[in-house]
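Comments concern the structure below.
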Amino acid sequence: MPIGTHAAGTLLVAALTWLCWRLVAGHDDVSPLLVGLVFGEAYARHHDLLVLLMAVGVVLFAASFLGYGLTATRRFAVQLPLFAATTLVCAGACLWLVPAYGLAGAAYAWGGAMLVELVATWIILELALRKGAAGVES
């Protein structure tokens, strides 16, 4: 790999990190401009909502990762009740939060539901792994 390519890649990563930090930090002078350039004017009007949805996405990806653990430990029977409970939490929170907070209320409701899914999946996996470890002979 040529030396210039490594330096250019490092500079690109540094620039993107700076842009993401400015976006997440919510600086009012930069966030709408960056979101507008990347996603368009419709998203720029709600740049704060996009940042909130990105934060919910972090929780969603963590819950999804643990969901693969449920499948790997063959905990199929608990998945339908888990997702039904998550859906009920999201729907209930939407009924409560959307009228008061609009789009942000929907994002908060989705974030709460994903947090419930993350914690519940973690607990189920912890119990499954303890049960599996108890059956293993040393």
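Heads up: the sequence shown begins at 4 in this note's numbering, then just goes up one per residue. Where a beta carbon is used, it is the ideal one built from N, C-alpha and C, also for glycine. These numbers come from a predicted model, not from an experiment.
Candidates the options, of which the one nearest residue i by Cα
i, options, result
"Phe86", "Ala45, Val61, His9, Thr124", "Thr124"
"Pro84", "Leu55, Thr20, Ile127", "Ile127"
"Leu130", "Gly108, Arg77, Ala112, Gly95", "Arg77"
"Ala112", "Leu19, Leu55, Phe42, Ala80", "Leu55"
Where residue i sits in the DSSP three-state scheme
i, result
"Gly135", "helix"
"Gly70", "helix"
"Gly105", "coil"
"His9", "helix"
"Gly60", "helix"
"His49", "coil"
"Ala80", "coil"
"Gly43", "coil"
Expected contact under 8 Å - CB spacing of residue i and residue j to nearest Å
i, j, result
"Ala116", "Thr74", "About 20 Å separates the two Cβ atoms, so there is no contact after all."
"His50", "Val38", "4 Å"
CA-to-CA distance, residue j to residue i, given in whole angstroms
i, j, result
"Leu103", "Ala110", "Per the sequence presented here, residue 103 reads as Ala, with Leu not at that position. Cα to Cα, the separation comes out at about 12 Å."
"His9", "Leu36", "29 Å"
"Tyr71", "Ala17", "32 Å"
"Leu100", "Ala47", "23 Å"
"Ala96", "Leu52", "17 Å"
"Leu132", "Thr20", "37 Å"
"Ser141", "Ala94", "Annotation note: pLDDT 43 at Ser141 (below 50); position unreliable, coordinate value reported separately. Spanning the two alpha carbons is a distance of roughly 47 Å."
CB of residue i within 9 Å of CB of residue j, strictly
i, j, result
"Gly114", "Val59", "yes"
"Asp69", "Leu118", "In the sequence as displayed, the identity of residue 69 is Leu instead of Asp. No, they are not a contact pair."
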